[in-house]
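Each residue of the sequence shown is one higher than the one before, starting from 87 at the first, in the working numbering.
See below for the structure under consideration.
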Amino acid sequence: SGVLSTWDFRFSIPIVEWIHPSESRIRDTLIHPNEPASVIASTQANNEVGIWNVESQYRSTVLWASNNPVLSATEASPHSVCSMFCICSKASNTNSIITGGTDMRLRFWDLTSPPNSYVFASAATENLKPNPSHISFESKLVDGTRVIREVNGKSDEVSNSRNS
87 SGVLSTWDFR FSIPIVEWIH PSESRIRDTL IHPNEPASVI ASTQANNEVG IWNVESQYRS
147 TVLWASNNPV LSATEASPHS VCSMFCICSK ASNTNSIITG GTDMRLRFWD LTSPPNSYVF
207 ASAATENLKP NPSHISFESK LVDGTRVIRE VNGKSDEVSN SRNS
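Next up, the structure:
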């Protein structure tokens with residue numbers, strides 16, 4: 087249903103609810119360890135992971151590992167992130183997320199320096215070496231949201247996204 091909710095467990099009532107823009111089903115959530123009042127949520131399609139501010143219901147950052155136009159509500163790949171692990175430390179200025187999903191790839195997302203992100207494992211049938219040269223990661227602003235996306239091929243050749 088794409089609904090994210092925060093609850094007051096003392097009274098068993100929802101405090102805040104908001105809906106993902108494409109109403110994609112939420113697969114997994116994490117509390118962001120470094121950003122107060124932020125939650126990390128993966129959705130049903132496009133290998134999408136969003137970092138949401140709970141107070142404003144604003145999606146500040148999106149990780150996008152799909153060839154579909156970024157933040158597309160009408161086009162969706164069948165792949166989704168099923169598991170996430172946050173590696174965050176204010177002391178060492180580390181802000182990263184590891185994701186694994188139905189496309190059988192494990193990705194390291196460097197939120198501080200997106201070009202340092204990489205694919206470090208894939209399905210045995212894919213014969214993809216860790217950190218293949220034809221896959222890169224770039225960051226751009228799309229409709230007011232910071233999007234870090236995986237690009238297959240040279241990043242200047244893939245330009246089917248909406249720029250702000």
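Note that CB positions come from ideal geometry on N, CA and C, so glycine has one too.
Q. Near SER250, which residues of its chain fall below 7 angstroms by C-beta distance, leaving aside the five closest residues on each side in sequence?
A. In this predicted model, SER250 has a pLDDT of only 41, less than 50, meaning its place in the structure is not dependable enough to derive any value.
Out of GLY187, ALA151, ASN120 and ASN154, which has the shortest C-alpha to C-alpha gap to ASN139? ASN120
Discussion item. Could you tell me the alpha carbon to alpha carbon distance between SER178 and THR198, rounded to whole angstroms?
Written reply: 12 angstroms
Contact between the segment 110–117 and the segment 189–205 is defined here as three or more beta-carbon pairs at a separation below 8 angstroms; is this criterion met? no
Quick check: the Cα distance between SER163 and GLY187, rounded to an integer number of angstroms?
12 angstroms
- Would you list the one or two residues that DSSP bridges to ASP114? SER128
| said: Give me the residue from ILE101, ILE105 and SER98 with the minimum Cα distance to LEU90. | reply: Nearest Cα to LEU90 within the set ILE101, ILE105 and SER98: ILE105.
Notebook entry, point to check: When burial is assigned at 16 or more other CB atoms within 10 Å of the CB, is PRO93 buried or exposed?
Noted result: The sequence given here places Trp at residue 93; Pro does not occur at that position. Exposed, since its Cβ has fewer than 16 Cβ neighbours within 10 Å.
Exercise for review: Please work out which residues of its chain come closer than 6 angstroms, Cβ to Cβ, to ILE101, disregarding the five sequence neighbours upstream and downstream, and give them in chain order.
Suggested key: THR92 and ASP94
*C-alpha gap between GLU161 and ASN154, whole angstroms*: 6 angstroms
I want to see whether chain D comes within less than 7 angstroms of ILE137, judged by CB atoms only; does it?
The displayed structure is made up of one protein chain only, and chain D is not part of it.
Original post:
On the premise that SER128 lies in contact with VAL156, defined as a C-beta separation below 8 angstroms, what is that separation, rounded to the nearest angstrom?
Top reply: That belief does not hold up - the Cβ atoms of VAL156 and SER128 are roughly 16 angstroms apart, past 8 angstroms.
Worksheet item: Looking at the structure shown, is THR231 part of a helix, part of a strand, or coil, going by DSSP?
Response: Reduced to three states, the DSSP call for THR231 is strand.
Taking PRO107 as the reference, give the member of VAL135, SER219 and GLU212 with the closest Cα.
-> Check the Cα spacing between PRO107 and each of VAL135, SER219 and GLU212: the tightest is with VAL135.
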